[in-house]
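Chains as they are written, first to last, in numbering that gives the first Met the number 0: chain B, 0 to 149; chain H, 0 to 149.
First comes the structure, then the notes that go with it.
2 protein chains.
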Amino acid sequence: MPPALELAVVACMDTRHSVEKVLGLKHGDAKVIRNAGNILDDGTLRSLIVCVHRLGVKHVAILGHTKCGMTLVGRGEFRIAKNISATTDVPLHEVMRPDFQRWLGGFEDVEENVRRGVQLIRTHPLMPRDLQVLGLVYDNENGRVHPIID
Amino acid sequence: MPPALELAVVACMDTRHSVEKVLGLKHGDAKVIRNAGNILDDGTLRSLIVCVHRLGVKHVAILGHTKCGMTLVGRGEFRIAKNISATTDVPLHEVMRPDFQRWLGGFEDVEENVRRGVQLIRTHPLMPRDLQVLGLVYDNENGRVHPIID
Numbered sequence: 000m001p002p003a004l005e006l007a008v009v010a011c012m013d014t015r016h017s018v019e020k021v022l023g024l025k026h027g028d029a030k031v032i033r034n035a036g037n038i039l040d041d042g043t044l045r046s047l048i049v050c051v052h053r054l055g056v057k058h059v060a061i062l063g064h065t066k067c068g069m070t071l072v073g074r075g076e077f078r079i080a081k082n083i084s085a086t087t088d089v090p091l092h093e094v095m096r097p098d099f100q101r102w103l104g105g106f107e108d109v110e111e112n113v114r115r116g117v118q119l120i121r122t123h124p125l126m127p128r129d130l131q132v133l134g135l136v137y138d139n140e141n142g143r144v145h146p147i148i149d
Numbered sequence: 000m001p002p003a004l005e006l007a008v009v010a011c012m013d014t015r016h017s018v019e020k021v022l023g024l025k026h027g028d029a030k031v032i033r034n035a036g037n038i039l040d041d042g043t044l045r046s047l048i049v050c051v052h053r054l055g056v057k058h059v060a061i062l063g064h065t066k067c068g069m070t071l072v073g074r075g076e077f078r079i080a081k082n083i084s085a086t087t088d089v090p091l092h093e094v095m096r097p098d099f100q101r102w103l104g105g106f107e108d109v110e111e112n113v114r115r116g117v118q119l120i121r122t123h124p125l126m127p128r129d130l131q132v133l134g135l136v137y138d139n140e141n142g143r144v145h146p147i148i149d
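Below, the structure is given as structure tokens:
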């Protein structure tokens, strides 16, 4: 079933905001994709391809939020790797492969991360040139959403 | 911030159900990851690694739902590929690479898809052996959730 607003939202898995409430969406208005850090990982790109090329989505909004936990992951990959190694059979040196930090997707700047996602969709070869892509950041402290101008 | 119930939910991006309402979750109870078909794609695995090894998640629920649109994608990859080709610069033969259908993640059986996701997490080398993983299916017609016994 296509979403009523022909909209897909990429948001964070974080619990401090409800995507529907933040954007004033009714049930059925949008497809909602959520992951750690609202980044354009491979699975999110896959989901957007289905949205755009099968479900009639014409607008994509990337919704970041202030104080995102993924800003800690950007410098905290060793802590995660140690925890993996301590709770599984995989030795630390195997967890810490050269691409591990990049794969985790941590970042330092919430707005820059949203901007990067917007650019990635806009320039992606499998996305239509007339797809509208908007970047937004939700402020956990004052409850406001502001657009990322680019 | 860790989720209050130490729970992460992997659900579908579909609009016909609110994850929180279906599972009776309050805001902050769980991290919610959503993608096309609630499958364990690379991005969802990445998000779960952050949940489990950084945010104290001890329980993972995979929540499928009846009449999932991804059961149509499993046999409809040619339609999607044609739409991509018609709206971008990528010729059809380049869209239809050998792994395109698999990458899209379509499936035929909703319960089997949930069961496959549960098994993938339970046997994944980077997941702790004491992680609890539960499979659930939401019935769009009667509003009930039933567990997938395996």
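Just so it is clear, CB atoms sit at the ideal spot from N, CA and C, and this is done for glycine as well.
Residue environment, residue i, which counts as buried when at least 16 other CB atoms sit within 10 Å
i: H52(H); result: buried
i: G68(H); result: buried
i: T122(H); result: exposed
i: A10(H); result: buried
i: A35(H); result: buried
i: V89(H); result: exposed
i: D13(B); result: buried
i: M0(B); result: exposed
i: A85(B); result: exposed
i: G142(B); result: exposed
i: R45(B); result: buried
i: I148(B); result: exposed
i: R128(B); result: exposed
Member of the options whose CA lies at the smallest distance from the CA of residue i
i: G137(H); options: E5(H), A85(H), G23(H), M126(H); result: Here residue 137(H) turns out to be Tyr, not Gly, going by the sequence shown. Ranking E5(H), A85(H), G23(H), M126(H) by Cα distance to Y137(H) puts G23(H) first.
i: F106(B); options: K66(B), C50(B), M0(B), G55(B); result: K66(B)
i: V56(B); options: G27(B), I79(B), F77(B); result: G27(B)
i: E76(H); options: E76(B), E111(B), I48(B), K81(B); result: I48(B)
i: N37(H); options: V8(H), R15(H), S17(H); result: V8(H)
i: P146(B); options: N139(B), P124(B), L130(B), R114(B); result: R114(B)
Three-state secondary structure (DSSP) of residue i
i: I184(B); result: Summary: the structure shown does not reach residue 184(B), with chain B confined to residues 0 through 149, and so no result is reported for it.
i: R152(H); result: Past the boundaries of the shown model lies residue 152(H); chain H is included only from 0 to 149, so the question cannot be answered.
i: C11(H); result: strand
i: L24(B); result: coil
i: R33(H); result: strand
i: L181(H); result: Residue 181(H) is absent from the structure shown; chain H starts at 0 and stops at 149.
i: V132(H); result: strand
Beta-bridge partners of residue i, as assigned by DSSP
i: L6(B); result: A29(B), H58(B)
Listed by chain order, chain D residues near residue i by CB distance under 9 Å
i: V117(B); result: Reference to chain D is not applicable here, since the protein chains of this structure are B and H.
Inspect the CB distances between the stretch 89-99 of chain H and the stretch 56-67 of chain B and report whether three or more fall short of 8 Å. no
Is the stretch 17-32 of chain B in contact with the stretch 95-106 of chain B, if contact means three or more CB pairs nearer than 8 Å? no
Assess contact between the stretch 4-11 of chain H and the stretch 99-111 of chain B, defined as three or more Cβ pairs (one per stretch) separated by less than 8 Å. Is contact present? no
State whether the stretch 41-52 of chain H contacts the stretch 68-80 of chain H, with contact taken as three or more CB pairs (one from each stretch) at a distance under 8 Å. no
Decide if the stretch 79-89 of chain B is in contact with the stretch 122-135 of chain B; the criterion is three or more beta carbon pairs, one per stretch, under 8 Å apart. no
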